[in-house]
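Student: Residue numbers (the UniProt record's numbering), protein chains in the order written: chain F, 1 to 190; chain G, 1 to 247. What follows is a structure written as structure tokens; I'll ask about it next.
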Ligand SMILES: [Fe+2]
């Protein structure tokens with residue numbers, strides 16, 4: 001660090017009109033609709049009164065089915081996966097709902113000799129949020145991997161931990177995000 | 001600050017600086033809508049592992065030729081003061097962030113958004129959508145052409161008005177660097193009553209959201225220029241860099 005180190009720019013809310021600036025028609029499609037193995041991760045974003053948040057934005061970032069990233073900062077090297085964008089974005093509708101069509105991520109190395117269970121990083125933005133919040137989606141069928149996951153196992157309260165486990169649904173999974181209140185989703189200090 | 005490499009030798013990755021002091025709190029009573037939209041449980045510390053130090057590299061996305069010029073997206077030109085907004089995107093360790101996507105959205109010159117939810121009595125401008133995007137160049141530079149947005153009223157408190165601002169969204173190179181913010185103009189008389197501005201605890205940090213009037217880049221007979229640099233969280237120093245420092 002030296003005197004010329006610039007200091008970071010503060011966050012501000014996306015405000016009520018995020019839909020005009022951040023809506024991507026293809027945002028929810030991490031893979032195309034006809035891609036084999038596609039799963040929908042759908043959920044509702046709700047506030048502390050249990051009301052849907054219609055002016056929110058969900059973004060996802062994840063490893064490919066082999067647990068790799070198309071990014072040179074991964075010490076294993078960048079690896080691309082055909083037809084897979086790894087990033088998803090969906091603004092919430094008037095019922096607070098969102099959906100992302102993606103592939104199941106693979107397991108990813110963690111600290112030391114640990115292995116992180118398959119997971120998806122999620123950013124949540126909304127009017128009324130001065131800064132994004134961050135959470136993670138884990139998958140219910142990976143019981144053993146989830147138990148050994150260094151991030152999940154750092155959450156001591158089992159009820160809180162369960163807010164990060166998606167529920168099976170007919171076309172994929174359900175992952176509701178509760179900003180506040182009973183069963184508030186676990187959010188991370190990132 | 002010291003490095004905490006995450007992972008074993010093979011998967012060691014430097015983390016990113018945690019810049020909590022810069023940002024507003026999620027619970028800020030002055031901004032009424034935060035009341036039901038902030039988590040009450042303490043945040044759980046997330047180490048910066050592979051998913052966090054990587055991120056979408058959207059530099060080659062489909063950017064139209066006029067996406068950076070909000071004054072040329074319609075048949076005619078929009079009303080208002082034409083301005084150039086330009087600057088650099090860097091990381092807090094000083095290095096530029098090249099080829100990264102920047103998205104902007106804003107109200108028109110009168111302060112009205114082209115959004116179904118914005119119904120205050122100010123006309124829409126048929127020649128202004130108020131949405132732009134661009135990619136930074138190899139040195140992290142960006143440039144938009146637009147019109148200066150107007151202030152607009154909202155219902156947060158009695159006679160509440162938002163200072164003129166442009167919404168900015170940035171990705172950087174890593175999930176940790178994602179930033180959505182607002183750029184403001186120097187000397188705006190509305191800051192004193194604006195909870196967004198005042199939610200940032202450190203006054204110096206607030207001022208980092210102000211652009212600077214840039215006479216040098218002001219174009220004669222055409223547009224005023226404003227310069228605004230954006231700084232995303234940088235990496236904690238790596239072992240390699242510490243070795244270099246020791247020389
Ligand atoms: Fe705004």
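Built from N, CA and C at the ideal position, the CB exists for glycine as well.
1. Which runs of the beta strand (DSSP E) fall wholly inside the segment 171 to 210 of chain G and span at least 3 residues, in chain order?
2. Please find out if some non-hydrogen atom of ligand 1 comes closer than 6 Å to the beta-carbon of residue 15 (chain F).
3. Quick test of your reading: residue 29 (chain F) and residue 61 (chain F), contact by CB under 8 Å. State the CB separation rounded to the nearest angstrom.
4. Taking 7 Å as the CB-CB limit, is residue 118 (chain F) close to chain G?
5. Among G:202, G:45, G:192 and G:178, which residue has its Cα nearest to the Cα of residue 230 (chain G)?
6. Alpha carbon to alpha carbon, how far is residue 114 (chain F) from residue 148 (chain F)? Give it in angstroms, no decimals.
7. If you drop the 5 nearest sequence neighbours on each side, which residues of the same chain put their C-beta closer than 7 Å to that of residue 167 (chain F)?
8. Check the Cβ of residue 132 (chain F) against every Cβ in chain G and list those closer than 8 Å, keeping chain order.
9. Please tell me whether residue 3 (chain F) has its Cβ less than 7 Å away from any Cβ of chain G.
10. Could you tell me which chain F residues have their CB closer than 7 Å to the CB of residue 115 (chain G), listed as they occur along the chain?
11. For the segment 205 to 219 of chain G, enumerate the residues whose C-beta is nearer than 8 Å to any C-beta of chain F, in chain order.
12. Give the straight-line distance between the Cα atoms of residue 200 (chain G) and residue 92 (chain F), rounded to the nearest whole angstrom.
13. If the cut is a Cβ gap below 7 Å, which residues of chain F does residue 231 (chain G) touch?
14. Could you work out which residue in G:180, G:233, G:228 and G:135 is closest to residue 83 (chain G) when comparing CA atoms only?
15. Check residue 71 (chain F) in the structure and name its three-state DSSP category.
16. If we cut at 7 Å on Cβ distances, does residue 41 (chain G) have a partner in chain F?
17. Looking at chain G, is there any beta carbon in it that lies within less than 7 Å of the beta carbon of residue 80 (chain F)?
18. Straight-line CA distance for residue 96 (chain G) to residue 151 (chain F)?
19. Are the C-beta of residue 23 (chain G) and some C-beta of chain F separated by less than 7 Å?
20. Taking the C-alpha atoms as reference points, what is the distance between residue 174 (chain G) and residue 81 (chain F)?
Tutor: The answer reads as follows:
1. 179 to 184
2. Counted from its first residue, the first chain places residue 15 (chain F) at position 15. Yes.
3. Your numbering for residue 29 (chain F) matches position 29 in the first chain. Your numbering for residue 61 (chain F) matches position 61 in the first chain. Contact doesn't hold; Cβ gap of about 15 Å is too wide.
4. Locating residue 118 (chain F) in the first chain gives position 118, where the first residue counts as 1. Output row for residue 118 (chain F): interface = no.
5. By one-based count along the second chain, residue 230 (chain G) stands at place 230. Checked all of G:202, G:45, G:192 and G:178; the closest Cα to residue 230 (chain G) is G:178.
6. Numbered from 1 along the first chain, position 148 holds the residue referred to as residue 148 (chain F). Numbered from 1 along the first chain, position 114 holds the residue referred to as residue 114 (chain F). Distance between the alpha carbons of residue 148 (chain F) and residue 114 (chain F): 8 Å.
7. Taking the first chain and counting its residues from 1, one reaches residue 167 (chain F) at position 167. Same-chain partners within the cutoff: 140, 173 and 174.
8. For this step, residue 132 (chain F) is matched to residue 132 along the first chain. The answer, in chain order, is 178 and 180.
9. The residue given as residue 3 (chain F) occupies position 3 in the first chain. Its pLDDT being 44, under 50, residue 3 (chain F) is placed unreliably by the model, and nothing is read from it.
10. Residue 115 (chain G) sits at position 115 when you count from the first residue of the second chain. Chain F residues near residue 115 (chain G): 17, 19 and 20.
11. 205, 206, 208 and 209
12. Within the second chain, the letter at position 200 stands for residue 200 (chain G). Within the first chain, the letter at position 92 stands for residue 92 (chain F). Approximately 26 Å between the Cα atoms of the pair.
13. Taking the second chain and counting its residues from 1, the one referred to as residue 231 (chain G) is at position 231. The contacting residues are 6, 7, 8 and 9.
14. Here residue 83 (chain G) refers to the residue found at position 83 when the second chain is read from its first residue. Ranking G:180, G:233, G:228 and G:135 by Cα distance to residue 83 (chain G) puts G:228 first.
15. Here residue 71 (chain F) is taken as the residue at index 71 of the first chain, counted from 1. Correct three-state label for residue 71 (chain F): coil.
16. In the second chain, the residue the question calls residue 41 (chain G) occupies position 41. Yes, its Cβ sits closer than 7 Å to a Cβ of chain F.
17. As a first step, residue 80 (chain F) is located in the first chain; it is residue number 80 there, counting from the start. In terms of beta-carbon proximity, residue 80 (chain F) stays away from the interface with chain G, with every pair separated by 7 Å or more.
18. Position 96 of the second chain, counted from the start, is the residue given in the question as residue 96 (chain G). Position 151 of the first chain, counted from the start, is the residue given in the question as residue 151 (chain F). Cα to Cα, residue 96 (chain G) sits roughly 31 Å from residue 151 (chain F).
19. To locate residue 23 (chain G), count along the second chain from 1; it is residue 23. Yes, because at least one Cβ of chain F sits closer than 7 Å to the Cβ of residue 23 (chain G).
20. Here residue 174 (chain G) corresponds to residue number 174 of the second chain, with the count starting at 1. Here residue 81 (chain F) corresponds to residue number 81 of the first chain, with the count starting at 1. Roughly 19 Å between the two C-alpha positions.
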